[in-house]
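The next block holds one structure in the form of structure tokens; read it before the comments.
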Amino acid sequence: MTDLSQPPLSAEPAANARPAKAKSEHPANRRATIVRWLRKTHGWFGLWGAVMGLIFGVSGIWLNHRAVLKLPVAQQRINTQIALPDPVPATPEAMAAWLQQTLNTPEPATRTRVEKAKPVAWAERPAKGDGAKNEKNADAPREPAAKPLMQPEQWTFNFGGATSQIQAEYWAGNRSVAIRQTDNGFLGTLMNLHKGVGMTVPWILLVDTLAGCLIFLSISGLWLWVMTTKRRTVGWTIFGLGSLLALGLAISRL
């Protein structure tokens, strides 16, 4: 009579073989898990940057070829003068606040630039032969030297965003401010979004996330290619040639 309480001898080697097989499959399973995670993450990052990548791609092509192809950018410019109040705002901050109220802009100036007074570059200078004349007349009484012609202090204020910009220019001593308003069309707005002209901090941070997406997509794409491609010689050759070409073009412009 056969004793059924004990397993047959052939079952014992099979039981011992299962852990060994599981151990041998562990590296392959881990590799498959990494590849699966990379693909999912790569896809989500690509989806996040798809819309902004389309905007930056179209505007980037337009910016690169606008000079050669003379591509038109619909813009409307208006130049005018605004009389200053009495008394005139004494500081750039006071002038910026007055301009914001007068121009009825919702946001304060995005940029304020102050250029100090300085001698003008085109002021008259003594000719080369004047040095010899001065030596001959050294004993003659000298007249007081004339003061150099000075350029007054200049204040420049920028208002607006991607669709419309207002630039106000004030020269110290004037009784008016020069105003230049530019209204952009669709393509002009895209170009300003690309360059960040007049944009606020949230937009700049949003663009930073796109830059981070591009960095991650580059690294994850290369990693996926390494882990899923067996014939890598051609790929590494293309990658190396592309890197050398980009590096050479960058160095040639330095």
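Following our numbering, the numbering of the sequence shown begins with 175 at its first residue and continues without gaps.
Backbone N, C-alpha and C define an ideal beta-carbon position, used for all residues, glycine too.
Quick caveat: nothing in here was measured; it's all calculated off a predicted structure.
Query                                                                                                            : Result
Where the alpha helix (DSSP H) through A363 begins and ends                                                      : In the sequence on display, residue 363 carries Thr and not Ala. Start and end: 360-369.
Assigned secondary structure, P292 (DSSP; H/G/I helix, E/B strand, else coil)                                    : As written in the sequence, residue 292 is Lys, which differs from the Pro given in the question. In this structure, K292 counts as strand in the three-state DSSP scheme.
Whether T286 touches F333 by CB criterion (7 Å)                                                                  : no
Residue closest to L237, alpha-carbon to alpha-carbon, out of G223, E289, S392, L364                             : L364
Own chain, CB closer than 7 Å to S350, minus 5 neighbours either side, in chain order                            : Q255, I256, A257, L258
For I389 and A352, the rounded distance between their alpha carbons                                              : 44 Å
Beta-carbon gap between P322 and P293 smaller than 7 Å                                                           : yes
Identity of the residue in L421, A270, D260 nearest G347 by Cα                                                   : D260
Alpha helix (DSSP H) segment containing L267, residue limits                                                     : Residue identity check: residue 267 is Glu in the sequence provided, not Leu. 266-277 is the span of the alpha helix (DSSP H), which, as asked, contains E267.
Between the CA atoms of G386 and M269 - distance to the nearest angstrom                                         : 39 Å
G372 vs T276 beta-carbon contact at 7 Å                                                                          : no
Close-in-space but distant-in-sequence residues of the same chain around P266 (CB under 6 Å, 5 per side omitted) : T286, V288, W329
Cβ pair count under 8 Å reaching 3, the segment 221-229 against the segment 353-362                              : no
Pairwise C-alpha distance: V375 and G335                                                                         : 12 Å
6 Å Cβ shell around A196 - same chain, five flanking residues per side excluded                                  : For A196, the pLDDT reaches just 48, beneath the cut-off of 50, and the residue's location in the model is therefore unreliable, although a value from the coordinates is still provided. Correct list: empty, nothing qualifies.
Reduced DSSP category for A283 - H, G, I as helix; E, B as strand; rest coil                                     : coil
Beta-ladder partner(s) of A257, from DSSP                                                                        : S350
Own chain, CB closer than 8 Å to I378, minus 5 neighbours either side, in chain order                            : G370
Segment limits, alpha helix (DSSP H) that includes G414                                                          : 407-426
Close Cβ partners of L212 (< 7 Å) along its chain, the five nearest in sequence each way excluded                : S394, W397, L398
Contacting residues, own chain, Cβ-Cβ under 7 Å from P263 (five flanking each side not counted)                  : M269, W272
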